[in-house]
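Numbering (my numbering), first residue to last: 7 to 510.
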């Protein structure tokens, strides 16, 4: 960070602290009631998918307003650039590496295009892990969950993990005059009903939208309204999401709950930058590299808006790095509740409210998996402006200076071997401390198939917003090859299971 930028942030921090001195501290006598919490989590929403983040071709007036009423983070990170482990970290306050839940559930089958095999992950967050609602139920909160869960199946759902009630909704719905393509209005209506019913006691709402995960669709009028967007249907889905957020925020106003409700809006991981499923193009995370499935910035950075009138400064934009593993300790401190022990996440409540500094630390990721987006087994560490990316299927590490190269286009590893060695050692120590799982060689490795998917085409470097016709054709052809590899692995895995069952 240069001196000018450092002094500007110091001045902003001093201003926030001076202003915050006039506000009551959370948990003090001046706060008459425990604050409500409305936590809205989206599915694969990219860091730049909202208009308030600079996406000119997307309409999000309600979320833009929410950003203006609170703090908008530009360096918020997920714990893993894929759904299940990121959600597990958010809901437990623990690193995915420690939980041994490091990819989506149930995980991708191994295939011949892999140099190494996936580790065998946990298929759920065990009930011995204390999840977010249990902390708040102990303090008298009513806790409701709505929408996507994806951190465990039967016996390991939201109710078993402490929520009083759960409305799953539907991940995909035929768009109608009253519903979108991702069940957005149904989920929002259920959350609003819960809020109205529990308005006289503190409540925690966990609203986990399926938006905008593939496959997606939107009302015809919204698609037409966004015909000039990068991807009109996707833009229509984002506009639908924004409309539902507006309805929920209006409900809080009608019930006169705005002043004592913490509203958080964020995503589980970065946006999907490569074509997948039925969609030939989806979104872009420009200027960041790659997206979902990668430990580059496009996969790790997520949108984050936080509003709590009178406590969280309004109209503020923060570039301070925070991690979604931090939410349990942060919310407990904001609500004036006892701190939790044994968590990997740390509270950033002081920085969020402007009463102190954000915690300074290294950020680490462990993702020992190949995935459908083209990512390879890898880890990463952010230390100040430096980002190290380390691969587990070859002896290779990359180093980027995010202050000068936010798009991660210039690998500085060869120029700074001492820094690379230091960061790799720190990342290895972190993996050991978390008892992280590793990879082992694949006995069925096919070098030609690996080369076609990971060397001839480096999907992490595909830039959707800048690609020409030839670039798009190349990535569509790559997608066909990836689909064939994944489908073949699924068939082989199914056949192996059937053979095992048939063997006496």
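The beta-carbon is built from N, C-alpha and C at its ideal position, and this holds for glycine as well. Computed from a predicted structure; not experimentally measured.
Straight-line Cα distance separating residue j from residue i
i	j	result
residue 124	residue 208	43 Å
residue 297	residue 279	5 Å
residue 182	residue 291	30 Å
residue 72	residue 56	12 Å
residue 149	residue 142	8 Å
residue 248	residue 136	32 Å
residue 172	residue 490	37 Å
residue 3	residue 49	Nothing in the structure corresponds to residue 3, since the chain is present only between 7 and 510.
residue 432	residue 389	10 Å
residue 180	residue 283	17 Å
residue 261	residue 316	18 Å
residue 5	residue 374	Outside the shown range of the chain (7 to 510) lies residue 5, about which nothing can therefore be said.
residue 60	residue 307	15 Å
residue 30	residue 39	Its pLDDT being 42, under 50, residue 30 is placed unreliably in this model, and the coordinates cannot settle the point.
residue 448	residue 461	18 Å
residue 487	residue 110	21 Å
Beta-carbon contacts of residue i that lie in its chain and below 8 Å, excluding the five residues immediately before and after
i	result
residue 412	293, 294, 303
residue 163	155, 172
residue 114	124, 375, 376, 377, 378, 492, 495
Chain-order list of residues whose beta-carbon lies under 6 Å from that of residue i (same chain, five-residue window excluded)
i	result
residue 406	393, 414
residue 312	76, 77, 270, 318
residue 196	152, 173
residue 202	none
residue 177	216
Cβ-based burial, residue i [other Cβ within 10 Å; buried from 16]
i	result
residue 102	buried
residue 367	exposed
residue 482	exposed
residue 276	buried
residue 259	exposed
residue 239	buried
residue 348	exposed
residue 404	buried
residue 126	exposed
residue 237	buried
residue 286	exposed
residue 232	buried
residue 193	buried
residue 2	It is not possible to answer for residue 2, since the shown part of the chain is limited to 7 through 510.
residue 165	exposed
residue 144	exposed
residue 235	buried
residue 132	exposed
residue 2	No information on residue 2 is available, as it lies outside the stretch 7 to 510 that the chain covers here.
residue 341	buried
residue 427	exposed
residue 32	Confidence is the limiting factor: at residue 32 the pLDDT is only 42, short of 50, which leaves the residue's position unreliable, though a coordinate-based value still follows. Residue 32 comes out buried.
Contact under 8 Å by Cβ, residue i with residue j
i	j	result
residue 224	residue 187	yes
residue 339	residue 320	no
residue 122	residue 398	yes
residue 41	residue 266	yes
residue 378	residue 299	yes
residue 58	residue 274	no
residue 301	residue 386	yes
residue 167	residue 89	no
residue 216	residue 160	no
residue 64	residue 244	yes
residue 451	residue 120	yes
residue 359	residue 82	no
residue 66	residue 324	no
residue 218	residue 51	yes
residue 480	residue 463	yes
residue 442	residue 372	yes
Helix, strand or coil at residue i [DSSP, three-state]
i	result
residue 198	helix
residue 96	helix
residue 89	helix
residue 55	coil
residue 274	coil
residue 345	coil
residue 337	helix
residue 28	A caution first: residue 28 carries a pLDDT of 32, below 50, which makes its placement in the model too unreliable to give a value.
residue 481	helix
residue 353	coil
Same chain only: Cβ atoms within 7 Å of residue i, ignoring 5 sequence neighbours per side
i	result
residue 494	117
residue 350	99, 100, 101, 104, 331
residue 255	68, 72
residue 93	156, 157, 274
residue 112	129
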